[in-house]
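Trainee:
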Amino acid sequence: MNNNIDELALSNLYNRKRSDRDIFQELMAFKVKEVLLIANHYDAYSIVREGRFFDKIFGEYLQLNLFTAPRITSVATCAEAEELMAERDFDMIILMAGLDKQLPLQMSARLKEVQPNVPILLMVNNNADLKFFDEASGNIEHIDRVFVWNGDSRVFLAMIKYVEDKMNVANDVKVGDVRVILLVEDSQKYYTRYLPLLYSIIMRQTQAILEEESSDQLHKIMKMRVRPKILLVSNYEDAVEIVDEYLDNLICVISDVQYARNGVDDVDAGVELIKYVKSKTIIPTLLQSSDPANALRAEAVNSDFIDKNSDSLSLDIYNFIHQKLGFGNFVFKNSRGAKVAVARNMKEFLECIQDVSPESLLYHARRNGISTWLMARGEITIAKQLRPYRIEDFDSFTKLRQAILDVFEDVRLKRLRGKVVMFDKEKVKSSRYIVRIGEGSFGGKGRGVAFLSNFIENISFDRIVDDINIRIPATTIIGAGEFTHFIEKNNLYTLAFVEKKYDEIKELFLKSDLSDEVNEKLMQYVEVMDQPLAIRSSGLFEDSLLQPFAGVYATYMVPNNHPDINERFKQLCTAVKLVYASMFSDPAKAYFDAVNYKIEEEKMAVIIQEVVGGKVGDRFYPHISGVAQSYNYYPFSYMKPEDGFAVLGVGLGKYVVGGEKAYRFCPKHPKLELNSIQDQIKDSQTHFYALDLEKEDYCLETGGEDAAIVKLNIKEAEEDGNLKHCATVYDYSYDRMVNDFSKRGPRVINYSNILKYDYIPLSRTLDMLLRFFKEAMGAPVEIEFAVDLEPGRRNLPTLHLLQIKPLIRVENNVNIDFDEVDKSKMILQSIKGMGNGRLNHIKDVVYMNIDVFDRTKTAEMGAEMAEINKYFEEQGKEYVLVGPGRWGTRDRFTGIPVFWSQISHARVIVEMGLPDFPLDASLGSHFFHNVTSMNVGYFSVHNNGEEQFVNLDMLKEQTLVRETVYFRHVEFNEPLTILMDGKQQKAAIVVND
C-alpha cells in the first residue's frame, strides 16, 4: 500500500473517464453562426436566385444531420458592412468580386481593421477572374482564401466547414483525438471543387455509419462532430508542418503534383511530399494532376492517382475515400484480392474476424486495412491499439486473431467501466458497471451505488492499495419509472394512498403485475444470475443529500437457488413488489410526517444486488460486514471526530445496521482499544446472520425481510473456518488474548489479525475511502461494505462497497460554558452530546421509571413508546426521551428495540447507562442515521457525576401527565432550554422559572 496515502489528493487520483458525450460536447468549440455576405445587388441576386439559395443551404445542413445552419446576412456596400459589424460580431465574411476587382481588396483591409481576427474569404464569379487575383497576390494579404462560384450552393457549406476545421483542429485533436485529412492544392478552381465533394462524402458516410450503429438521434448529431477534419494548404512547407503536427491523427493525404516549394513552383513538390509522408507513417495517399504521365510517378511512391481532367473526377475521389479510408463496408479478401466476406457494421466485422481464413487476416493486417476501417467508424481507441501490431510479433495466425479479438474486448470493457448500461443479460454478472432496467431515476440509494461504481472505476486503486481489491457487487437497478407505471397500470394510486392497512396494501401489490418489459428482463436475469440476491429499496428521498434517511423501506434477501427457474423468477418479482409496497408501511408514513414530506411525491427505484459472501454447507454469508462513517460523534483518547469510525460484524450486514453488539474501531487508529479484556469478552458478538440455502421454498409475504435468513451461534462460524482472522481466544492462564483456536476459552470477535497485525489493509483502506468520499460528496458520509477474505482478482481478498449515504449535520453553532450555567436548574448535562443549536419550545419529557426497569422486558417497553409517541403525534408536540441502554437496537438485551416510527416525535433522545446495564451508543445503525440526518439531539450519559448526569429527582417533581408500566410523561410549566454544542460534543437541558 502507498505509504504516503494521507498525502494523496483526490483531485489527482479521480480522473473521471469522460463519456463519448462529454468529449463530443467539447468538440467543434468554434461554430460559424453568423456569416456576413458582401455582394453588389446583381451578384447577390445571381447567387441567391430569388431566395432559394438560403433554403438550399439550410436543407443541406438538415440532410447532413448538422445541428444548426448559420445565419447569412447580405449587404451591398462596405459602409453597410461596417455598420453591421459595429452592432454584432460575425464569425466569417464572404466577399463577392464584382466588376471592380480592386474593391474587394480595399474592403478586406478596412474590415480587418474593424474585426482583425475574422476570416475573410473571397468568392470570384468565374475562372477568368482568378488570373487578376493571382497576379495581385501581394495585395490580398487580408483575404484568407479565394474560392470560385461554380453554381453549386454546396461551396458555401464547404467554405464554412473549411473555416471551422481550421479553427477547431488543434483542440479537437487534443480533446477528441479526431482524424485529419490533408488536402494540398494551389488551384482555386480545383479546391473549390474538391472541398464540397470531400465534405459531402465524409459527412454522408459518417451519417450512414451512425444510422447502422446507433438509434439515439442526439448521439448521432453529437458524433458528427468527431468526423475527420479537412485541412487545406497550398505549398510544400505548410503541408509538411501539418504532417509533423498531426502525424498520429493523419488518415489521408490528397496532393497536387506541382506547387510552391521553397518559394518557387516545383514540379516535384507533390511527389516529394508523399515520400516524406510514407517515411513517417502508413496511410492512404492520393496524387492528382492534369498530366496523366504523373500516374507512373504516383505508382513509384506507392500512391493512388487521379487525372484532374477525368470526366469521372467526382466519382474517382468518392471511390478513393470509400475504399481506401474505410468508409464503406469492410470487404475481406484473400491473397489474390478476391472477396471472401463482407462486414457492414461492427457486429458483422467481429463475426468475420473469428471466421475468416488466416490468409485473409494476413492480407488485411499487412495493409493496416483493419485499423483504417475502424478509424473511419470512430473506433479510434481500438484502431490505435491495433496499428502498432506487426505480423512478425506473432508465431501463429491463431495468436494474431486472438490478439485482435482481445483488443476489442479490452476496449469494450474499459468503455463500460463505471458506466450505466442498458440491460443485456450477458452483462448482469459483472461488477464493473451498473445495469439499468426501465426508465426514470435511480433514487437516492441507487445514485449512491452508481456513484460508487463510477468512483471505483475511475481511480486506479491497484496502484494505491496493493493488498486488497475494491469493488461493488454486480448491480442491476430498475428505474423509478417502472414504479409509476406499476401504480398506474394496476390502478393502485387511490387504493395505496388512502388510509389502508399495510398488510392490505402488500396483498394488493402482490396481486398486481409488473410491466411486460420488466418481467421479460427479470426472467432473463435469473437465467444467468445464480448468486443469492439482495433486493433493496431506492426511494427518491432515500440517502439523498437534502434529507437522507435509512432503513425505513424494505430490503429482501433471496437465496436464488430454487431448481425451477420459474419459481426463482416469481420470488424475485415478489421481492420487487414488496419493496414497492414498503413505501406505504407505518414506519415510512411516520417518517414522511416527521420530515413534512408528502408520500405522493415519493417514487421508488429497486436495486438488485448480488449478495457478497461464500457458501458453507447450507448457508451463505460474508466473512465480514461493516459500516463506516467519516465523522465520529464519540471519539476517545487522541481520536478526533474527523477521524471517523467503523463497525464490523461477522455474517450478513443486518447484524451491524441493526445496532447489535458489533466491534467498533477508528480506521485511523485501529490499534487503539478502550475496553478491558473482560469488557471485550462481555461485549463480543455471540451470533450472526446468514442466508439459509435450504429454504428453497419460503414466503416473503408472511416471513418478511427475514424469510430466508437464519440466526446462528457464532460457534458455527468458527466451525465453518471463518473466524480465523476475525477472532481471538481468551487464555485464562495468562489473562490475555491469543490467536490459537486450539485453546479453550471465550472467542472474542475483535478482528485482531486484521486491525492490529494488518493481515489485510482494511483500516487504512477504509480511512482512505472515507476521506475521499467525504471530499467527493462535500459532506460527511457513511458507507456499508462487506469483506470477502477468499482470494479473488489478483489472488487477493476483496472489499465490496454496498452503499453510500451522506450524513447531514446542521451547523448552528452554540458554545456552551458549563461554568456559566446554574447546575441547580439543569436536568441533564452530557459530554457526549450530538446535535447543534438551541431549542426553546419543548415542555414535555418522557423518561424510564428506573425502579421497574427489567432488561428482559425491553420489547414491551418499545410497544409502550409507540403508544406514547402516537399521543404526541396527535397533539402535534415534541418531547425529550430519556431511557437506559441503546435506543433502536435489535438486541433487546442491550437496549430498547424501537423503530424510528415509534419515537419519531422525540426531539431529543437521551441514552443512560445503569450500573448493570452499560451504555454502548447506537452508532452504525439505520436508526442512528435517521437521528443524525434530522438533527435530533442525541445525548449519552454513561454514569452520573460532575460532568454528566440526569437529574431524575427533578423530573419526578414535575406535573405527571401520564404513566404507563415502564414510562412516565411529565410536563414543565415553562419550555426547557436545550443547548447542543456539536463541536465540543456538549449538551445541557435547563429548567426555566
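Here the sequence shown stands for residues 52 to 1044, numbered as in our numbering.
Every residue gets a Cβ at the ideal spot worked out from N, C-alpha and C, and that includes glycine.
The model shown is predicted, which means the values in this text are computed figures rather than measured ones.
(1) Write down the C-beta distance between T526 and Q660 rounded to the nearest angstrom, noting that I regard them as a contact closer than 8 angstroms.
(2) Nearest-angstrom Cα distance between A346 and S354?
(3) Helix, strand or coil for L78? Go by DSSP, reduced to three states.
(4) Could you say which of D299, I521, F534 and N773 lies nearest to E490 if we only look at CA atoms?
(5) Closest to F537 by CA distance: which of V657, N995 and A641 is it?
(6) Going by the DSSP bridge assignment, what does N353 pair with across the sheet?
(7) The alpha helix (DSSP H) with D517 in it runs from where to where?
(8) Check F990 in the structure and name its three-state DSSP category.
(9) How about V959 and G913: are their beta carbons less than 9 angstroms apart?
(10) Of all the options D517, I528 and R441, which has the alpha carbon lying nearest to the alpha carbon of K470?
(11) P857: buried (16+ other C-beta within 10 angstroms of its C-beta) or exposed?
(12) Rounded to whole angstroms, what is the Cα-Cα separation between V382 and M828?
(13) Hey, how far is the Cα of S681 from the Cα of D694?
(14) Output yes or no for whether 9 angstroms exceeds the beta carbon distance between D362 and Q339.
(15) In the DSSP assignment, find the unbroken beta strand (DSSP E) run with T526 in it and report its ends.
(16) Among C624, S588, Q582 and G590, which residue has its Cα nearest to the Cα of N611?
(17) Buried or exposed: P170, going by 16 or more other Cβ atoms within 10 Å of its Cβ?
(18) Could you check where the alpha helix (DSSP H) with Q453 kicks off and where it finishes?
(19) According to DSSP, is F792 helix, strand or coil?
(20) Any idea what DSSP makes of L1011, helix, strand or coil?
(21) Please look up how many angstroms separate the CB atoms of I1116 and L850, rounded, as I've assumed it's under 8 angstroms.
(22) Could you spell out the range, first to last residue, of the beta strand (DSSP E) harbouring P857?
(23) Nearest CA to the CA of D457: which residue from L467, L437, S588 and S365?
(24) Decide if I182 is buried, meaning its Cβ has at least 16 other Cβ atoms within 10 Å, or exposed.
(25) Using a Cβ cut-off of 9 angstroms (strictly closer), state whether Y440 contacts chain D.
(26) Let's see if you can read the secondary structure: which residues bound the beta strand (DSSP E) around R715?
(27) Mapping DSSP to helix, strand and coil, what is H14?
(28) With a 10 Å radius around its C-beta and 16 neighbouring C-beta atoms as the bar for buried, classify E835 as buried or exposed.
(29) Mapping the DSSP letters down to three states, classify S411 as helix, strand or coil.
(30) Assuming R205 and S251 form a contact by the criterion Cβ under 8 angstroms, report the distance between their Cβ atoms to the nearest whole angstrom.
(31) Measure the C-alpha to C-alpha separation of D730 and M788 and round it to an integer number of angstroms.
(32) Using only the alpha-carbon positions, how far apart do D289 and R312 sit?
(33) What is the DSSP secondary structure of W951, counted as helix, strand or coil?
(34) Excluding the 5 residues flanking D406 on each side, which residues of the same chain have their C-beta closer than 8 angstroms to its C-beta?
(35) DSSP puts L135 in a beta bridge; with which residues?
(36) On the DSSP letters alone, give me the boundaries of the beta strand (DSSP E) that M963 sits inside.
Mentor: Quick look at the numbers:
(1) Here residue 526 is taken as the residue at index 475 of the sequence shown, counted from 1. Here residue 660 is taken as the residue at index 609 of the sequence shown, counted from 1. With a Cβ gap of about 5 angstroms, T526 and Q660 count as contacting.
(2) On the sequence shown, position 295 is the one that residue 346 refers to. On the sequence shown, position 303 is the one that residue 354 refers to. Near 9 angstroms, if we compare the C-alpha coordinates of S354 and A346.
(3) For the purposes of this step, residue 78 is taken as residue 27 along the sequence shown, with counting starting at 1. Of the three classes helix, strand and coil, the one that applies to L78 here is coil, per DSSP.
(4) Looking up residue 490 in the sequence shown gives position 439. That would be F534, whose Cα lies nearest to the Cα of E490.
(5) Locating residue 537 in the sequence shown gives position 486, where the first residue counts as 1. Cα-wise, what sits closest to F537 is V657.
(6) The residue labelled residue 353 in the question sits at position 302 within the sequence shown. Bridge partners of N353: none, in fact.
(7) The residue labelled residue 517 in the question sits at position 466 within the sequence shown. Going by DSSP, D517 is part of no alpha helix (DSSP H) at all; its letter is neither H nor E.
(8) Locating residue 990 in the sequence shown gives position 939, counting from the first residue. F990 falls in the strand class under three-state DSSP.
(9) In the sequence shown, the residue the question calls residue 959 occupies position 908. In the sequence shown, the residue the question calls residue 913 occupies position 862. With respect to G913, V959 sits apart: the two C-beta atoms are not nearer than 9 angstroms.
(10) For the purposes of this step, residue 470 is taken as the residue at position 419 of the sequence shown. When C-alpha distances from K470 are compared across D517, I528 and R441, the shortest belongs to I528.
(11) In the sequence shown, the residue the question calls residue 857 occupies position 806. Burial check for P857: the Cβ neighbour count within 10 Å reaches 16 or more, so the residue is buried.
(12) Taking the sequence shown and counting its residues from 1, one reaches residue 382 at position 331. Taking the sequence shown and counting its residues from 1, one reaches residue 828 at position 777. C-alpha separation (whole angstroms): 51 angstroms.
(13) As a first step, residue 681 is located in the sequence shown; it is residue number 630 there, counting from the start. As a first step, residue 694 is located in the sequence shown; it is residue number 643 there, counting from the start. So the alpha carbons of these two residues sit roughly 7 angstroms apart.
(14) Taking the first residue of the sequence shown as position 1, residue 362 is located at position 311. Taking the first residue of the sequence shown as position 1, residue 339 is located at position 288. Judged by beta-carbon spacing, Q339 lies beyond the 9 angstroms limit of D362, meaning their Cβ atoms are not closer than that value.
(15) The residue labelled residue 526 in the question sits at position 475 within the sequence shown. Note, T526: beta strand (DSSP E), T526 to I529.
(16) Here residue 611 is taken as the residue at index 560 of the sequence shown, counted from 1. N611 has its Cα closest to that of Q582, out of C624, S588, Q582 and G590.
(17) Walking along the sequence shown from the start, residue 170 turns up at place 119. P170 is buried by the Cβ-count criterion.
(18) For the purposes of this step, residue 453 is taken as the residue at position 402 of the sequence shown. DSSP places Q453 inside the alpha helix (DSSP H), whose first and last residues are F448 to L467.
(19) As a position in the sequence shown, residue 792 is number 741, starting the count at 1. Coil, per DSSP.
(20) Within the sequence shown, numbered from 1, the residue matching residue 1011 stands at position 960. Assigned with DSSP and collapsed to three states, L1011 falls in strand.
(21) Any question about residue 1116 goes unanswered here, given that the chain covers just 52 to 1044.
(22) Reading the sequence shown from its first residue, position 806 is the one you call residue 857. Per DSSP, P857 belongs to the beta strand (DSSP E) from T849 to P857.
(23) Start at 1 with the first residue of the sequence shown, and residue 457 comes out as number 406. Closest option to D457, Cα to Cα, is L437.
(24) Taking the first residue of the sequence shown as 1, we reach residue 182 at position 131. For clarity, residue 182 is Lys in the given sequence; the question names Ile instead. By the neighbour-count rule (16 or more Cβ atoms within 10 Å), K182 is not buried but exposed.
(25) Among the protein chains of the structure shown there is no chain D, as only one such chain exists.
(26) Position 664 of the sequence shown, counted from the first residue, corresponds to residue 715. Here the beta strand (DSSP E) through R715 covers Y714 to F716.
(27) Any question about residue 14 goes unanswered here, given that the chain covers just 52 to 1044.
(28) On the sequence shown, position 784 is the one that residue 835 refers to. Burial call: buried.
(29) By 1-based counting over the sequence shown, the position of residue 411 is 360. S411 carries a helical assignment under DSSP once its states are collapsed to helix, strand and coil.
(30) For the purposes of this step, residue 205 is identified with residue 154 of the sequence shown, where counting begins at 1. For the purposes of this step, residue 251 is identified with residue 200 of the sequence shown, where counting begins at 1. Their Cβ separation, rounded to whole angstroms, is 6 angstroms, which keeps R205 and S251 in contact under 8 angstroms.
(31) Locating residue 730 in the sequence shown gives position 679, where the first residue counts as 1. Locating residue 788 in the sequence shown gives position 737, where the first residue counts as 1. Straight-line measurement puts the Cα of M788 at about 13 angstroms from the Cα of D730.
(32) Mapped onto the sequence shown, residue 289 falls at position 238. Mapped onto the sequence shown, residue 312 falls at position 261. Rounded to whole angstroms, the separation of the alpha carbons of R312 and D289 is 10 angstroms.
(33) The sequence position of residue 951 within the sequence shown is 900, counting from 1. Helix, per DSSP.
(34) Here residue 406 corresponds to residue number 355 of the sequence shown, with the count starting at 1. Counting only Cβ-Cβ distances below 8 angstroms, and skipping sequence neighbours, we find A392.
(35) By one-based count along the sequence shown, residue 135 stands at place 84. None; L135 has no bridge partner.
(36) Looking up residue 963 in the sequence shown gives position 912. Per DSSP, the unbroken beta strand (DSSP E) holding M963 starts and ends at A957 to M963.
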